[in-house]
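As structure tokens, the structure follows; a few thoughts come after it.
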Amino acid sequence: PDLNMIEISWAYLKRITTKKGPLTSRMAAEQAWKNEWRELEQWRIQCWIKCVPYHIQEVIRLEGGNENSAGQ
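As structure tokens, then:
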């Protein structure tokens, strides 16, 4: 599990901004991400924060191991 909570928001923003297809330019991507960031609901952020204890327990259970091949 990722303990960096910003990673959850990046994944969400990527999913929401590319829902209608890939963004075709850097400017379009920047604008879409900024718009979605401003519209990000507080309740969603609170849900992500409430998951922190679970993520910490998973790190403890895995004894700090990194199961993600990208992180090795």
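Residue 72, in the UniProt record's numbering, is where the sequence shown stops; the numbers in between run on with no holes.
Where a beta carbon is used, it is the ideal one built from N, C-alpha and C, also for glycine.
Contacts around N4, its chain only, beta-carbon distance under 6 angstroms, and the 5 residues preceding and following it disregarded: Taking the sequence shown and counting its residues from 1, the one referred to as residue 4 is at position 4. None.
Backbone CA spacing between Q72 and G65 [nearest angstrom]: Your numbering for residue 72 matches position 72 in the sequence shown. Your numbering for residue 65 matches position 65 in the sequence shown. Since pLDDT at Q72 reaches only 49, below the 50 mark, its modelled position is unreliable, and the value read off the structure follows with that caveat. It is roughly 10 angstroms from the alpha-carbon of Q72 to the alpha-carbon of G65.
L62 - DSSP class collapsed to helix/strand/coil: Indexing the sequence shown from 1 puts residue 62 at position 62. L62 carries a coil assignment under DSSP once its states are collapsed to helix, strand and coil.
C-beta atoms of L13 and E41 nearer than 8 angstroms: Position 13 of the sequence shown, counted from the start, is the residue given in the question as residue 13. Position 41 of the sequence shown, counted from the start, is the residue given in the question as residue 41. No. Outside cutoff.
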